[in-house]
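Below: one structure, written as structure tokens.
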Amino acid sequence: MKHQWTAFTVALGFTLTGHLRNRLAMSMIAFFIPTWIYLVRATALSKDISFRSSALHIDVVASMNRTIQVSSALHAVTVIAGFMMFMATFSAREMDLRLVLAGYPRLQLLSAKVVALFVVTALLTGYTLALLWISWPLTQPFGVAVALGAAILAYGGLGIMAGYLLRNELEGFFVVVMATLIDVGMQSPVSNPAADQVWLSALPLYGPAQAALTASFTHAATAGCAGRALPWFLATTLMALLLFCLRTRHYHRQRRP
955 MKHQWTAFTV ALGFTLTGHL RNRLAMSMIA FFIPTWIYLV RATALSKDIS FRSSALHIDV
1015 VASMNRTIQV SSALHAVTVI AGFMMFMATF SAREMDLRLV LAGYPRLQLL SAKVVALFVV
1075 TALLTGYTLA LLWISWPLTQ PFGVAVALGA AILAYGGLGI MAGYLLRNEL EGFFVVVMAT
1135 LIDVGMQSPV SNPAADQVWL SALPLYGPAQ AALTASFTHA ATAGCAGRAL PWFLATTLMA
1195 LLLFCLRTRH YHRQRRP
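In the working numbering, the protein residues as written are 955 to 1211.
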């Protein structure tokens, strides 16, 4: 047990250090999120729009300007989380394979990446929530925080899976950017006012987007709606574990006496 805990803590330390050394991701957090939110605030129309949350079955009336700010914040944090987790997994992939060959436990390596994702989720959520709160007083800050966290977990899990699945950095960056762009665009009541597509609920941001928008402007309970992204997080994490085990299966066979 002590050996497993030590293996986990060492792997977690290296994973968090890798995130901190990702200068592009750190720059995106520092500049992209606030710039994206406040560019929308300065340029988008302030007229009221009405939209229906199909997941919560309520009608919402809100400023178009503030609605786009929430959608922009969701886009920013999901892109950054997906990119960070992809790069952390992809850049360490060969080293992880060598560590497994040397006898390092596979579960601890992947668990460290998942726990690092929770750390990233907490920090990104708090930072983005503060930026939105500075822009205007959110009706339910906690509800918005839960929605942001669920969205980050969903796309962070996707980033981990992509790190084991894809062959180069450009593929990973393209997948993360396009997936979040399409998902946020389809969930936004500004770009997709009807939101009546039958497959919309299958997308990762269906629950978090509606929960974030609803919590920003109403007092309705939204935590359960945001939780609809968690199956995506669990599925992608399990798929990442399966891919990692498949990549290292021959190494464990070689180590048998």
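C-beta: ideal position from N, C-alpha, C; glycine also.
Alpha carbons only, please: which of the options is nearest the one belonging to residue i?
{"i": "Asn1146", "options": "Pro1162, Phe1005, Asp1013, Arg1201", "result": "Phe1005"}
{"i": "Ala1105", "options": "Leu1167, Leu1195, Trp959", "result": "Leu1167"}
{"i": "Phe952", "options": "Phe1044, Ala1194, Gly1110", "result": "Residue coverage of the chain in this structure runs from 955 to 1211, which leaves residue 952 outside it and unanswerable."}
{"i": "Ala1165", "options": "Phe1127, Gln1094, Val1074", "result": "Gln1094"}
Please classify residue i: is it buried, with 16 or more other beta-carbons within 10 angstroms of its beta-carbon, or exposed?
{"i": "Leu1061", "result": "exposed"}
{"i": "His1029", "result": "buried"}
{"i": "Gln958", "result": "exposed"}
{"i": "Ile1136", "result": "exposed"}
{"i": "Thr1075", "result": "buried"}
Where do the N-terminal and C-terminal ends of the beta strand (DSSP E) with residue i fall, by residue?
{"i": "Ala998", "result": "It is not in any beta strand (DSSP E) - Ala998 carries neither H nor E in the DSSP assignment."}
{"i": "Val1015", "result": "1012-1017"}
{"i": "Arg1047", "result": "Note, Arg1047: premise wrong, no beta strand (DSSP E); alpha helix (DSSP H) at 1047-1055."}
{"i": "Ser1004", "result": "1002-1007"}
Give the straight-line distance between the Cα atoms of residue i and residue j, rounded to the nearest whole angstrom.
{"i": "Ala1009", "j": "Gly1161", "result": "7 Å"}
{"i": "Arg995", "j": "Thr1021", "result": "10 Å"}
{"i": "Pro988", "j": "Leu1085", "result": "7 Å"}
{"i": "Leu1077", "j": "Val1098", "result": "14 Å"}
{"i": "Arg1209", "j": "Leu1055", "result": "Residue placement at Arg1209 cannot be trusted, given a pLDDT of 47 that sits under 50; what the coordinates show is reported in the next sentence. So the two alpha carbons sit approximately 8 Å from each other."}
{"i": "Gln1151", "j": "Gly1113", "result": "26 Å"}
{"i": "Ser1026", "j": "Ala961", "result": "38 Å"}
{"i": "His1173", "j": "Val1014", "result": "11 Å"}
What do you reckon, are the CB atoms on residue i and residue j nearer than 7 Å?
{"i": "Lys1067", "j": "Thr963", "result": "no"}
{"i": "Pro1158", "j": "Ala1183", "result": "yes"}
{"i": "Thr1032", "j": "Thr1191", "result": "no"}
{"i": "Val1129", "j": "Ala1116", "result": "yes"}
Starting from residue i, follow the alpha helix (DSSP H) in both directions and report where the run begins and ends.
{"i": "Ser1065", "result": "1060-1089"}
{"i": "Ile1114", "result": "1095-1119"}
{"i": "Thr1134", "result": "1123-1141"}
I want to check one thing, is the minimum distance from the CB of residue i to the heavy atoms of the ligand MG below 6 Å?
{"i": "Leu1188", "result": "Of the ligands one can find in the structure shown there are none, so the ligand MG has no counterpart to examine."}
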